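Before any comments, here is the structure.
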Amino acid sequence: MIFEKIHTVPTSDELIDKAFRRATRAKAGKTIRDNDSAMRAHESMVMTSGNILSDNLSNIVRRFPNFDDLPDFYYELTDIVVGVDDLRQALGGVDWASQKLHEISREYVGKIRKSRDPVATRKEAFGRMASVMSTVSKHLVFLNDARNLLRKLPDVRDEPTIVVAGYPNVGKSSFVSMVTGARPEVASYPFTTKGVLIGHFMRGYDRYQVLDTPGLLDRPMSERNDVERQAITAIKYLDAVMLFILDASETCGYEIAEQKRLLDEVVQNFDLPVYVVANKADHERFEMPEFVDVRMSTATGENIDSIVDKLVEMIDENKKEKEEDQSIFD
1 MIFEKIHTVP TSDELIDKAF RRATRAKAGK TIRDNDSAMR AHESMVMTSG
51 NILSDNLSNI VRRFPNFDDL PDFYYELTDI VVGVDDLRQA LGGVDWASQK
101 LHEISREYVG KIRKSRDPVA TRKEAFGRMA SVMSTVSKHL VFLNDARNLL
151 RKLPDVRDEP TIVVAGYPNV GKSSFVSMVT GARPEVASYP FTTKGVLIGH
201 FMRGYDRYQV LDTPGLLDRP MSERNDVERQ AITAIKYLDA VMLFILDASE
251 TCGYEIAEQK RLLDEVVQNF DLPVYVVANK ADHERFEMPE FVDVRMSTAT
301 GENIDSIVDK LVEMIDENKK EKEEDQSIFD
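Quick note on the UniProt record's numbering: the sequence shown kicks off at 1 and runs consecutively.
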């Protein structure tokens, strides 16, 4: 996943402690016989601590992705969860500190060589380094919190996608399981307490992902908070079609009229092709609504294959239309 390589971000105090301990060991490894060897020992302490601090900060910045290169879906989710502008500011501050620490260590190596009191000069260098680290302390805490949240985002890939919507207990997860031939991956994400279910299937050499987002597409917009509404917006950036599943037996606990209102909201809020199916065709209380495209049963497998065929066809058609629209502007 795109954020997996981001390591835990240490605190300012942890980095300072690491750098100064290494500096002390660097000095201990030197044999001090005279003023010249003492000077070199303190130079080594400054260079060691400066390099450790600068390199660690540089690595923190490097491990975060370039947000300009993020797919639109992940850019939107990142902005929702932690704020892209805040991330840029924090990373910019840490990058500045990395360069400043590098400058300080080189500056004080030169000062030590000219100093009559290398101990005092080295302590002054350590003080300036600690001061720089203090200025980015809040940035490091923020980046570690951001890292922990971003790693929880679902592993949604840049590939053809079927987004499954509908009220709870209508058969969404059963459909994902049947189509992908495996138990769906379940991953938590920060804007809801529930998890996104992701499965995959192959058609020829092409891989398709099936995405169910409980907590986002299974209740009316009026019951969602602002963050959840924004997360819904992010789904619009996927190369996707929408499968809306109704329970035409109403055994899910929601009447057809309620399910139809949710369908209308989904159609209104998503600029995606929508295919509507009525599940539980095997149930004695099943009644086919007139606005539904096709019936199915996740219990018996009725029409599952033909529904997947139709969804793949819709994805291909949607992709072709986008390419044609793009060619008009090119």
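All residues carry an ideal CB built from backbone N, CA and C; glycine is no exception. Since the model is a prediction, treat every value here as computed from it, not as a measurement.
Three or more C-beta pairs under 8 Å: does that hold for the segment 64 to 80 against the segment 152 to 169?
Contact holds: three or more Cβ-Cβ distances are below 8 Å.
Taking DSSP as the reference, what is the three-state secondary structure of methionine 202?
Numbered from 1 along the sequence shown, position 202 holds the residue referred to as residue 202. Strand at methionine 202.
At the level of alpha carbons, what is the spacing between asparagine 148 and serine 12?
Counting from one through the sequence shown, the residue named residue 148 turns up at place 148. Counting from one through the sequence shown, the residue named residue 12 turns up at place 12. If you take the alpha carbons of asparagine 148 and serine 12, they lie about 18 Å apart.
According to DSSP, residues forming a beta bridge with phenylalanine 175
By 1-based counting over the sequence shown, the position of residue 175 is 175. Paired residues: none, contrary to the question.
Note the first and the last residue of the continuous beta strand (DSSP E) segment covering threonine 161.
Residue mapping note: residue 161 aligns to position 161 of the sequence shown, counting from 1. Where threonine 161 is concerned, the enclosing beta strand (DSSP E) stretches over 161 to 165.
As an exercise, report each continuous alpha helix (DSSP H) stretch of at least 4 residues that is fully enclosed by the segment 20 to 86, in chain order.
35 to 63, 72 to 81
Lysine 320 versus phenylalanine 142 - alpha carbon distance:
Stepping through the sequence shown from its first residue, residue 320 is reached at position 320. Stepping through the sequence shown from its first residue, residue 142 is reached at position 142. Going by the C-alpha atoms only, they are around 42 Å apart.
Cβ neighbour criterion (16 or more within 10 Å) applied to alanine 19
Here the question's residue 19 lines up with position 19 in the sequence shown. Its Cβ being crowded by 16 or more others within 10 Å, alanine 19 is buried.
Any idea if proline 118 is buried or exposed, counting beta-carbon neighbours within 10 angstroms, 16 or more meaning buried?
Numbered from 1 along the sequence shown, position 118 holds the residue referred to as residue 118. So proline 118 counts as buried.
Return helix, strand or coil for aspartate 13, following the three-state DSSP convention.
Locating residue 13 in the sequence shown gives position 13, counting from the first residue. Helix, per DSSP.
Can you list, in chain order, the residues of its chain whose CB lies under 7 Å from that of isoleucine 245, leaving out five sequence neighbours each side?
Along the sequence shown, one-based indexing puts residue 245 at 245. Around isoleucine 245: Val164, Gly166, Val170, Gly171, Lys172, Phe175, Val277, Asn279.
With 16 other CB atoms within 10 Å as the buried threshold, where does methionine 288 fall?
Taking the sequence shown and counting its residues from 1, the one referred to as residue 288 is at position 288. Methionine 288 comes out exposed.
Start-to-end residues for the alpha helix (DSSP H) that takes in aspartate 264:
Here the question's residue 264 lines up with position 264 in the sequence shown. That run of the alpha helix (DSSP H) goes 256 to 269.
Cβ neighbours of isoleucine 307 in the same chain (closer than 7 Å, five flanking residues each side left out):
Translated into positions along the sequence shown, residue 307 becomes position 307. Taken in chain order, the residues that qualify are Val277, Val294, Met296.
Taking the CB atoms as reference points, tell me whether tyrosine 275 and valine 241 lie closer together than 8 Å.
Indexing the sequence shown from 1 puts residue 275 at position 275. Indexing the sequence shown from 1 puts residue 241 at position 241. Yes; because the gap between Cβ atoms is below 8 Å, this pair is in contact.
Range covered by the alpha helix (DSSP H) that runs through aspartate 145:
Position 145 of the sequence shown holds residue 145. Counting along the chain, the alpha helix (DSSP H) containing aspartate 145 begins and ends at 137 to 150.
I'd like to know if the segment 83 to 94 and the segment 31 to 47 are in contact, where contact means that at least 3 CB-CB pairs between them fall below 8 Å.
no
So, at 8 Å on beta carbons, what are the nonlocal neighbours of glutamate 4 in its own chain, with the 5 sequence-adjacent residues on each side left out?
The residue labelled residue 4 in the question sits at position 4 within the sequence shown. If we look at glutamate 4 and ignore the five residues flanking it on each side, its Cβ neighbours are Arg151.
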